[in-house]
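Each residue of the sequence shown is one higher than the one before, starting from 1 at the first, in full-length UniProt numbering. What follows is a set of notes on a single structure, which appears directly below.
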Amino acid sequence: MSAPVAGGGQRIRVFEHPYGRHAFAIRDYLTRSGIPFESITIETDEESVAHLGTALASTPLPVVVFPDGARIDDPTPARIAEHFGWINRPRRSSYDVIVFGAGPAGLSAAVYAASEGLEVAVIERDTVGGQAGSSSLIENYLGFSHGISGAALAEQAKEQAIAFGAELLVMQHSLSRTFGDHLMRAELADGSALTARAVICATGVQWRRLDLPSEDVLYGSGVYYGAGTSEAASCAGEHVYVVGGANSAGQAAMNLAAHAARVTVLVRGPSLSATMSAYLLRRLLAAPNIEILVNTSVAALEGDGRLRGLTLISDGTTTNVTANRLFICIGGRPNTEWTNKTSVATDERGFLLTGTDVTAEHLLHWPLERQPLYLETNQPGVFAAGDVRANSIKRVASAVGEGAMAVALTHRYLAETFG
Ligand SMILES: Cc1cc2nc3c(=O)[nH]c(=O)nc-3n(C[C@H](O)[C@H](O)[C@H](O)COP(=O)(O)OP(=O)(O)OC[C@H]3O[C@@H](n4cnc5c(N)ncnc54)[C@H](O)[C@@H]3O)c2cc1C
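Take a look at the structure:
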């Protein structure tokens, strides 16, 4: 599952309508997967015939053409992954530990588990990297003094995990997970049935939405979640908007400001100093083409198939502005829907409770003499690591640290349970 680098310097080409939302999904997926590509806009019959051999109306854009000449019309990310040979069935039916999620926490757990001799499978519903994969430049992760892109960090971690013997199953998700008799059983969407003696849940968070009318329709056609890594280059000369006050919004603004004429950051609170790292805030304030509007929120999105404008409310005053692109970076909600059908406890926002955060009401059926270990949920042998865990520190380094720690605690659990 190594990244296919186009032969002879040639890149994958993505032919697309301007502002096409399907094309955005492909660009976003390729970017997060660390695959270089060239994006070519097709607007006229002439362009369509010249590049793809058919008139615009009969060309199912987007079209992806690979360096070897293979072509997929209107693909999904899964079809691209399939083309690369990345979608595999599990090699075994039972593992020592299954890790859910291949963001920094899950990849770290995979590296430490495999390097310490455990049979480990990582089940990832999308591509590797998690949120970090959408970060254009992580500057505060130890050891990278000039920063590293999230996609590059994820790719290296993936290679490391595989080299130690971890099995990575991407574009896979489980339909069910049950726990009992010291075994976790999972049924995957491809029909595979797996068991594991321990589980590390590292499913992180996904972007929160503004929950405005038309937001879903405009997603990918002017409305984006996250740092806009795949979109930045196409913002040349534009005035773009970023919503949010934390580091992800700051990174998005810096990344976009390298291309766009002007970037306006919309912050709901009165300042950024409490929510953004000082180094990032200093850069934002020094950038000549970034402006920050505090006490401002987005009240409505205007658009007809693509974003055209925003209604902003600032200190009670409503303003309408023209806008073609809005990048929403307002934090995440945990990927823990699966807990609904289990007894694994979450807090009121859905984050997994572990260690001393597990409350007495959730320990009524706890079968052991000891209390849950630091990263253990109210289900013995089920651990949580990274952003998905209640009260975790939402940083790459913390997620990586918790992934490693979850493996150490897994060893403890396996030794006490299975000898
Ligand atoms: C744009 C951006 C910039 C950032 N910049 C920085 C930075 O500069 N420095 C810093 O320290 N932190 C930064 N962060 C925060 C950092 O990326 C996160 O704290 C970190 O990625 C959390 O790692 P994680 O593994 O816990 O979760 P995630 O990164 O959220 O990964 C979770 C993974 O689990 C997968 N998943 C979800 N549900 C399932 C399921 N049911 N089955 C299988 N897989 C599932 C997801 O697809 C995802 O790949 C940034 C975040 C963003 C969004």
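Glycine included, every Cβ here is placed at the ideal spot set by N, Cα and C. Source: prediction; values computed, not measured.
Residue pairing for Phe-327: DSSP places it in a beta bridge opposite Tyr-224, Val-242. Remark: the shortest separation between the CB of Gly-419 and any heavy atom of ligand 1 does not fall under 7 Å.
When Leu-375, Val-400, Met-405 are compared, the shortest CA-CA separation from Asn-391 is found for Leu-375. The region 332 to 399 contains no complete alpha helix (DSSP H) run of 4 or more residues. In the DSSP annotation of this structure, the continuous segment of the alpha helix (DSSP H) that includes Thr-31 starts and ends at 21 to 32.
For Phe-418, the three-state secondary structure derived from DSSP is helix. With a threshold of 7 Å, the Cβ atom of Ser-134 counts as near ligand 1, since some heavy atom of the ligand is closer than that. One Cα belongs to Leu-210, the other to Ala-50, and the distance between them is close to 41 Å.
Taking all protein chains shown into account, Thr-322 has fewer than 16 neighbouring C-beta atoms within 10 Å of its C-beta and is therefore exposed. Each residue's CA atom was taken as its position, placing Gly-250 and Val-199 some 34 Å apart. Separation of His-22 and Thr-41 (C-alpha to C-alpha, rounded to the nearest whole angstrom) is 13 Å.
A direct Cα-Cα distance of roughly 26 Å separates Leu-281 from Ala-105.
When only Cα atoms are considered, Leu-326 and Val-205 end up about 20 Å apart. Note that the C-beta distance between Asn-320 and Gly-332 is not below 8 Å. Straight-line spacing of the CA atoms in Ser-297 and Ser-248 works out to 17 Å.
If you look at Ser-248, you'll find it in the alpha helix (DSSP H) that goes 247 to 257. Proximity to Thr-195 across Ala-406, Thr-356, Gly-381 peaks at Gly-381, based on C-alpha coordinates. By the Cβ-count criterion, Asn-340 is exposed, with fewer than 16 other Cβ atoms from all chains shown falling within 10 Å of its own Cβ.
In this structure, ligand 1 has no non-hydrogen atom nearer than 7 Å to the beta-carbon of Lys-158.
Contact check for Val-263 against Val-242 passes: the beta carbons are separated by less than 8 Å. Arg-349 and Leu-285 have their C-alpha atoms spaced approximately 33 Å apart. Residue pairing by DSSP places Gln-206 opposite Arg-333 in a beta bridge. For Glu-116, the three-state secondary structure derived from DSSP is coil. A buried status is given to Tyr-29, since no fewer than 16 other beta-carbon atoms sit within 10 Å of its beta-carbon.
The Cβ-Cβ distance between Ala-161 and Ala-110 falls below 8 Å. For Ile-290, the enclosing beta strand (DSSP E) stretches over residues 290 to 293.
In terms of Cβ geometry, Ala-202 and Val-128 do not form a close pair [threshold 8 Å]. Rounded to whole angstroms, the separation of the alpha carbons of Pro-270 and Glu-124 is 38 Å. Residue pairing for Arg-185: DSSP places it in a beta bridge opposite Thr-178, Thr-195.
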